[in-house]
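Comments concern the structure below.
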Amino acid sequence: MNAPSSTAPELSLASRRAAVTALGRELRALTEAALATTAPPEALHDLADTLRDLTARLTEAAPRRPLGDVPDVDEFPGAVRMFSPVIGEGSPLAPPVRVTQGDGGVVGLCTLGVAHEGPPGYAHGGFSAMLLDELMGHACIAAGRPGMTTGLTTRYHRPVPLGTPLRIHARVTDTDGRKVHVSGTVSAAHDPDTALVSGEAVFVTLDPARARALFPQVRGD
Numbered sequence: 001m002n003a004p005s006s007t008a009p010e011l012s013l014a015s016r017r018a019a020v021t022a023l024g025r026e027l028r029a030l031t032e033a034a035l036a037t038t039a040p041p042e043a044l045h046d047l048a049d050t051l052r053d054l055t056a057r058l059t060e061a062a063p064r065r066p067l068g069d070v071p072d073v074d075e076f077p078g079a080v081r082m083f084s085p086v087i088g089e090g091s092p093l094a095p096p097v098r099v100t101q102g103d104g105g106v107v108g109l110c111t112l113g114v115a116h117e118g119p120p121g122y123a124h125g126g127f128s129a130m131l132l133d134e135l136m137g138h139a140c141i142a143a144g145r146p147g148m149t150t151g152l153t154t155r156y157h158r159p160v161p162l163g164t165p166l167r168i169h170a171r172v173t174d175t176d177g178r179k180v181h182v183s184g185t186v187s188a189a190h191d192p193d194t195a196l197v198s199g200e201a202v203f204v205t206l207d208p209a210r211a212r213a214l215f216p217q218v219r220g221d
């Protein structure tokens, strides 16, 4: 299974991904600025009017993608998810995490901002869990066992600071039939041996029939 279609011109796909990345980058900058601004109310109302007009322009430019459809810039199943709230270059929420293989599994690097804040100056615990879940999924893909999360246990050892480069590591620790056991940590990039958050999860690989039932819009190759 693969999307986007293999018939899509490679140059067109690269161009669209570049445009999505550029828009996502500016949306993240706007989000951070909006959440940290001390501008007076009249300036915020003016900006809200401008953003309303921009939203209308974008909506009128082309139809919206229906919920559940795989974006034409994505590879699913796969590791290219342009609008993922964790790794998506086109997402206004994503840090976004850069993922590579290494250290017996996968490693992700990112820096969280005010959009991810829970306690003042620190990341929301739910977002820390989301980072782990995402990287654990990538570890399964890297091991040739892509699947879906059925359980995730998270332990918070220390607050995760905003504005500090982070390192997320995940690796497959065991397999049992369709079950894949994965562990992971979130740490400061400058101190990777000190876990701020750790977790263990169980993923389950989908049999073809279940995959077709859950994702009927994804073609089989």
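First residue of the sequence shown? That's 1 in the UniProt record's numbering, and the numbers climb one at a time after it.
No residue lacks a Cβ here, since even glycine has one placed at the ideal position from N, Cα and C.
Predicted, not measured: the structure shown is a model, and the values here were computed from it.
Bridge partners - residue i, DSSP secondary structure assignment
i, result
"ASP101", "The residue you asked about is not Asp; residue 101 is Gln in the sequence shown. Paired residues: VAL106."
"PRO146", "Partner(s): none; PRO146 has no beta bridge."
"PRO161", "TYR122"
"ILE168", "GLY108, VAL186"
"residue 269", "For residue 269 there is no data in the structure shown, the boundaries of the chain being 1 and 221."
"VAL180", "THR175, PHE203"
"VAL197", "TYR156, VAL186"
Pairwise C-alpha distance: residue j and residue i
i, j, result
"ALA123", "GLU117", "4 Å"
"ASP72", "SER91", "15 Å"
"GLY144", "LEU23", "32 Å"
"ARG155", "LEU27", "32 Å"
"LEU93", "ASP191", "25 Å"
"ASP46", "SER15", "33 Å"
"ARG98", "ARG81", "12 Å"
"ARG57", "LEU44", "20 Å"
"ALA39", "PRO96", "27 Å"
"LEU13", "THR194", "40 Å"
C-beta atoms of residue i and residue j nearer than 7 Å
i, j, result
"ASP176", "LEU152", "no"
"GLY113", "GLU32", "yes"
"MET136", "GLY102", "no"
"GLU89", "THR173", "no"
"VAL180", "SER128", "no"
Proximal residues to residue i (C-beta, below 7 Å), its chain only, five neighbours per side dropped
i, result
"PRO146", "PRO77, CYS140, THR205"
"GLY121", "PRO161, LEU162"
"GLY125", "GLY118, TYR156"
"GLY104", "ARG171"
"ILE87", "ARG81, ALA94, PRO96, VAL97, VAL99, GLU134"
Cβ distance (whole Å) where residue i is taken to contact residue j below 8 Å
i, j, result
"THR149", "PHE83", "Going by Cβ atoms, the distance from THR149 to PHE83 rounds to 19 Å, so no, they are not a contact pair."
"HIS138", "ALA170", "7 Å"
Close Cβ partners of residue i (< 6 Å) along its chain, the five nearest in sequence each way excluded
i, result
"ALA142", "GLN101, VAL106"
"ILE168", "GLY108, LEU131, LEU135, VAL186"
"THR111", "PRO165"
"GLU200", "THR153, SER183"
"ARG17", "VAL73"
"LEU159", "Contrary to the premise, residue 159 reads as Pro rather than Leu in this sequence. Correct list, in chain order: TYR122."
Beta-carbon proximity list for residue i, same chain, < 8 Å, skipping 5 on both sides
i, result
"GLN217", "GLY68, ASP69, VAL70"
"ALA36", "VAL114"
"PRO85", "SER91, LEU93, ALA94, MET130"
"THR55", "none"
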